[in-house]
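Residue numbers (my numbering), protein chains in the order written: chain A, 984 to 1409; chain B, 984 to 1409.
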């Protein structure tokens, strides 16, 4: 494995998401050896992934090389590989590149798309959890536009220009808004051979309102913003099936569409090998105590989306968003050092900094603890917070410039079909 | 096909490279209908492709949506499709999306990689003519680094870190320099588990000097710059074979390498259907007269790399670089309008603006007609000229910022393996 054996304990972190990199930073140049493992060589800033899908940003704006994060710390190693299983008794991890031993193991693998067992939807729909998936959506949208421009059959053209987004959480809402902007600002200029009104964006949400995790006020405003942009919002609507051509729902609503974007749910991206008890099957999340220790283990931890820490305020676990992951990562760094030093650990207490979602230019909603607002100012706050949260000065500048450019020019500049997406080959 | 039939003549342009877009612009809002056809939906700024390969730039910096260029002109249509053949008698083009009729046809398809019939090299080497190919090289370089970091066997590690670039023209020289910068500046920081001296970059050139199309002075300077960066330059060296592991040459030189980048030659990307006479087989370029009319045709033209206009100064045709393509495109736009108006055409006269190549930071060579220079000032001129030549204000700013950032930080920021490259699946 080529990682030197040293006298200090080795902490192995699986996953370079928000939890993983914040934990790694907290252990930087401390008396431990850190091995960060990820399938990819970069950290993904998930909250802006939808802007890659909608041709607003290129991947390098929201992805950040993991080695660039850890190079500052002499005690850190990175290995790009897939973890196959954990051998908890032997304190070993089995990976595609061999066995890696650990003293402390931290599972920060996050979530993956949940199709709720529907194979047809898994086959034909477009997920948006990873950068290549976001690029596939970008390619498909633009391919559909090109194909629609040459199609004389009206029904076929409409099916190419019908975009159905399933899931009214922040991802679905933000993506629907961004695709609506493509319809409103790009289509009329770039595709004079198409009629913008032939294009429809549907947002289907199973619960009674969009952004169900936010306040009712935010939901109402977001729905109004979406409608203003021309998005057709359908609440209380479940997708029952999709064969690549037709979307059927629990209601009479049926949609002919070449594109179904699936943002309806996630499930834990678990690793094999831990005791069955450790996992809450329903949610596919590891049960952890307030120190993020996985139930039944003293040296194995889980963080962020994959961890379920049932507390009084959050009996079903914390929301699967960036903030709990970041905060848990930071605290666990300190706690691991305390554990090694034999000092008492500090309990995790989630500080809810509020939540927000953007719908389009000048349109966002923000829920703070004592203050809820929407519109231009919310949109401004949303931008500022996301810019500051991006990893690295360069990415901030590139995103900021792109946003300014896109805003002034009503443009989305990355309208490139670099790798055409082939639905049949999926 | 959905393109309206109008009373003015239709000019169909195949290819949105330098020649195609300059011709299109010259015909913008003129009394012709223009149909631009390309397999891709973007223009590629080829001279900077090597910076995508070496993680310095993302594709959106050097690729530009073709629809964004033509949207300014009301008489223009774009179709993303592959041309299968020309039916010159019927004035029709057969494409993947059906038949497109033309009054005037302009072939501006450029060139593709030439493997000189060697199937093994075609199978195992990495070409760099297109954006996806450049991204494949980027992925492979970074994958090799990751794999080398976990390999204990020294020979295997060295083969992973040996990069062999074949072809000492501007592409090969610039790419070799950029990869050397990865070795000199990125490897020691990002990959502390690797020893930079295990990495070698070989540049193999068949002729007696690198940059054979430039002055001897430029060749000498470039070779010196390359050597300074640690590139091992081998002139008079032809690659005979490559099985994915070992490179054999005409000399005793044999190299164990996982990566062979093939920049050794191009050949015309011709279209089926024209008379055999029209093509000069050796070069795979269409013989054209001084008005770019293809031999034997009055309404079919060829431009740029694919055209061979034998003149007194250039008996073997103009160099296959951007300038002749741009100048021919601009002139042909005027000539087509003259042809329609029954006015006499203007002969093409190439204005050689000089040539240049960059090797690395502060290192470039420039050949002007009466003045040749190299070093920092040449590098500055190279950057300025390339920035200004980029299409679109946005791309200029993004590239400029990235260059400044990379220069100050000795960094290349797009070190992302977005789509892992699988050599076996190629």
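We treat Cβ as the ideally placed atom computed from N, Cα and C, and that holds for glycine.
Beta carbon of residue i nearer than 8 Å to that of residue j
i, j, result
"residue 1156 of chain B", "residue 1103 of chain B", "no"
"residue 1079 of chain A", "residue 1092 of chain A", "no"
"residue 1253 of chain A", "residue 1262 of chain A", "yes"
"residue 1423 of chain B", "residue 1293 of chain B", "Here chain B comprises residues numbered 984 to 1409, so residue 1423 of chain B is not present and cannot be evaluated."
"residue 1109 of chain B", "residue 1125 of chain B", "no"
"residue 1133 of chain B", "residue 1058 of chain A", "no"
"residue 1141 of chain B", "residue 1237 of chain B", "no"
"residue 1193 of chain A", "residue 1160 of chain A", "no"
"residue 1117 of chain B", "residue 1043 of chain A", "no"
"residue 1328 of chain A", "residue 1013 of chain A", "no"
"residue 1071 of chain B", "residue 1280 of chain B", "yes"
"residue 1087 of chain B", "residue 1148 of chain B", "no"
"residue 1231 of chain B", "residue 1220 of chain B", "no"
"residue 1084 of chain A", "residue 1077 of chain A", "no"
"residue 1158 of chain A", "residue 1128 of chain A", "no"
"residue 992 of chain B", "residue 1323 of chain B", "yes"
"residue 1359 of chain A", "residue 1380 of chain B", "no"
"residue 1278 of chain B", "residue 1260 of chain B", "yes"
Best match in the options for proximity to residue i [C-alpha to C-alpha]
i, options, result
"residue 1342 of chain B", "B:1333, B:1133, B:1034", "B:1034"
"residue 1053 of chain A", "A:1246, A:1366, A:1017, A:1338", "A:1017"
"residue 1145 of chain A", "A:1044, A:1242, A:1126, A:1368", "A:1242"
"residue 1167 of chain A", "A:1087, A:1210, A:1029, A:1074", "A:1210"
"residue 1357 of chain A", "A:1174, A:1135, A:1197, A:1094", "A:1197"
"residue 1392 of chain B", "B:1226, B:1401, B:1172", "B:1172"
"residue 1001 of chain A", "A:1326, A:1305, A:1379, A:1401", "A:1305"
"residue 1174 of chain B", "A:1376, A:1028, A:1048", "A:1048"
"residue 1154 of chain A", "A:993, A:1030, A:1323, A:1097", "A:1030"
"residue 1073 of chain A", "A:1403, A:1389, A:1384, A:1256", "A:1256"
"residue 1244 of chain B", "B:1165, B:1386, B:1121", "B:1121"
"residue 1373 of chain B", "B:1408, B:1309, B:1404, B:1405", "B:1309"
"residue 1021 of chain A", "A:1090, A:1032, A:1386", "A:1090"
"residue 999 of chain A", "A:1403, A:989, A:1162, A:1094", "A:1094"
"residue 1246 of chain A", "A:990, A:1403, A:1097", "A:1097"
Three-state class that DSSP yields for residue i in the structure shown
i, result
"residue 1394 of chain A", "coil"
"residue 1045 of chain B", "helix"
"residue 1056 of chain B", "coil"
"residue 1217 of chain A", "strand"
"residue 1377 of chain A", "helix"
"residue 1092 of chain B", "coil"
"residue 1122 of chain A", "helix"
"residue 1224 of chain A", "strand"
"residue 1238 of chain B", "strand"
"residue 1023 of chain B", "coil"
"residue 1331 of chain B", "coil"
"residue 1269 of chain B", "strand"
Cβ-based burial, residue i [other Cβ within 10 Å; buried from 16]
i, result
"residue 1371 of chain A", "exposed"
"residue 1224 of chain B", "exposed"
"residue 1352 of chain A", "exposed"
"residue 1082 of chain B", "exposed"
"residue 1354 of chain B", "exposed"
"residue 1318 of chain B", "buried"
"residue 1377 of chain A", "buried"
"residue 1234 of chain B", "exposed"
"residue 1331 of chain A", "buried"
"residue 1249 of chain A", "buried"
"residue 1024 of chain A", "buried"
"residue 1051 of chain B", "buried"
"residue 1226 of chain A", "exposed"
"residue 1251 of chain A", "buried"
"residue 1390 of chain B", "exposed"
"residue 1099 of chain B", "exposed"
"residue 1106 of chain B", "exposed"
Interface flag, residue i vs chain C, CB-CB below 8 Å
i, result
"residue 1054 of chain A", "Structure shown: chain C not included; protein chains present are A and B."
For the structure I just gave you, are there three or more beta carbon pairs, one from the segment 1346-1361 of chain A and one from the segment 1030-1043 of chain A, closer than 8 Å? no
With three or more beta-carbon pairs closer than 8 Å as the criterion, would you say the segment 1006-1019 of chain A touches the segment 1302-1315 of chain A? yes
Subject >> Meets three-Cβ-pair contact criterion under 8 Å: the segment 1326-1335 of chain B and the segment 1188-1202 of chain B >> reply: no
For the segment 1281-1290 of chain A and the segment 1056-1063 of chain A, state whether three or more C-beta atom pairs, one from each stretch, are separated by less than 8 Å.
no
Stretch-stretch touch, CB-based, cutoff 8 Å, three pairs: the segment 1216-1236 of chain B with the segment 1359-1371 of chain B
no
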